[in-house]
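> Below are the structure tokens for one structure; questions will follow.
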Amino acid sequence: MRLLRERGKKSHVYRDYQLIGLEIAQLLQDESHKSFYIKLAKERNPALLLALAKDIAQKPGIKNRGAYFTKVLTSITEEARKGTRKKIPKPRKRPTKNSCHAKRARRTPAK
Numbered sequence: 006m007r008l009l010r011e012r013g014k015k016s017h018v019y020r021d022y023q024l025i026g027l028e029i030a031q032l033l034q035d036e037s038h039k040s041f042y043i044k045l046a047k048e049r050n051p052a053l054l055l056a057l058a059k060d061i062a063q064k065p066g067i068k069n070r071g072a073y074f075t076k077v078l079t080s081i082t083e084e085a086r087k088g089t090r091k092k093i094p095k096p097r098k099r100p101t102k103n104s105c106h107a108k109r110a111r112r113t114p115a116k
């Protein structure tokens, strides 16, 4: 049993993003949310996340570094989206059996 407990305490890191997520959690002193940081590192730019975490870790007077990190990341993401947001046209519906377009298509003689 003791052996199993010791094995469970060791870190099992298999991918790059897992290591980066754990580093971010340590920098921000937020070990309880390490799975959140691993997910962020997997889905977003890991270099940007690490740089942001290091910057926040160096700032004095921040009580909850994890929450501050998330807030700053959200504001950066929203600013980036404002410049690139395009209106996506709605997909056109296919004509059904009873629509006027389908009836018109059936009326045309085949050549």
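Okay, so the sequence shown: first residue is 6 according to the working numbering, each after it adds one.
Yeah, the Cβ is synthetic: ideal placement off N, Cα and C, and Gly gets one too.
Source: prediction; values computed, not measured.
Can you give the Cα-Cα distance for L76 and E83, rounded to whole angstroms?
Start at 1 with the first residue of the sequence shown, and residue 76 comes out as number 71. Start at 1 with the first residue of the sequence shown, and residue 83 comes out as number 78. Reading off the sequence shown, one finds Lys at residue 76, where the question assumed Leu. Computed Cα separation, rounded: 11 angstroms.
> Pull up the distance between the alpha-carbon of K47 and that of Y22, whole angstroms please.
Looking up residue 47 in the sequence shown gives position 42. Looking up residue 22 in the sequence shown gives position 17. When rounded, the distance between both Cα atoms is 5 angstroms.
> In angstroms with no decimal places, state the Cα-to-Cα distance between R7 and K14.
Residue 7 sits at position 2 when you count from the first residue of the sequence shown. Residue 14 sits at position 9 when you count from the first residue of the sequence shown. Cα-Cα distance, rounded: 11 angstroms.
> What distance in whole Å lies between the Cβ atoms of L33 and A58, which are believed to be in contact at a cut-off of 8 angstroms?
Counted from its first residue, the sequence shown places residue 58 at position 53. Counted from its first residue, the sequence shown places residue 33 at position 28. With a Cβ gap of about 6 angstroms, A58 and L33 count as contacting.
> Within a Cβ cutoff of 6 angstroms, which residues of the same chain sit near I118, ignoring the five residues on either side of it in sequence?
The question about residue 118 has no answer here: the residues shown for the chain are numbered 6 through 116.
> My assumption, with CB atoms under 8 angstroms, is that K39 sits in contact with A52. Please give the rounded CB distance.
Walking along the sequence shown from the start, residue 39 turns up at place 34. Walking along the sequence shown from the start, residue 52 turns up at place 47. Their Cβ separation, rounded to whole angstroms, is 19 angstroms, which puts K39 and A52 out of contact at 8 angstroms.
> In angstroms with no decimal places, state the Cα-to-Cα distance between I61 and N50.
Numbered from 1 along the sequence shown, position 56 holds the residue referred to as residue 61. Numbered from 1 along the sequence shown, position 45 holds the residue referred to as residue 50. If you take the alpha carbons of I61 and N50, they lie about 17 angstroms apart.
> Output the distance between the C-alpha atoms of I81 and D35, rounded to the nearest integer angstrom.
As a first step, residue 81 is located in the sequence shown; it is residue number 76 there, counting from the start. As a first step, residue 35 is located in the sequence shown; it is residue number 30 there, counting from the start. Each residue's alpha carbon lies about 21 angstroms from the other.
> Given this structure, state the Cα-to-Cα distance separating Q63 from S37, to the nearest angstrom.
Working through the sequence shown from its first residue, we reach residue 63 at position 58. Working through the sequence shown from its first residue, we reach residue 37 at position 32. C-alpha separation (whole angstroms): 20 angstroms.
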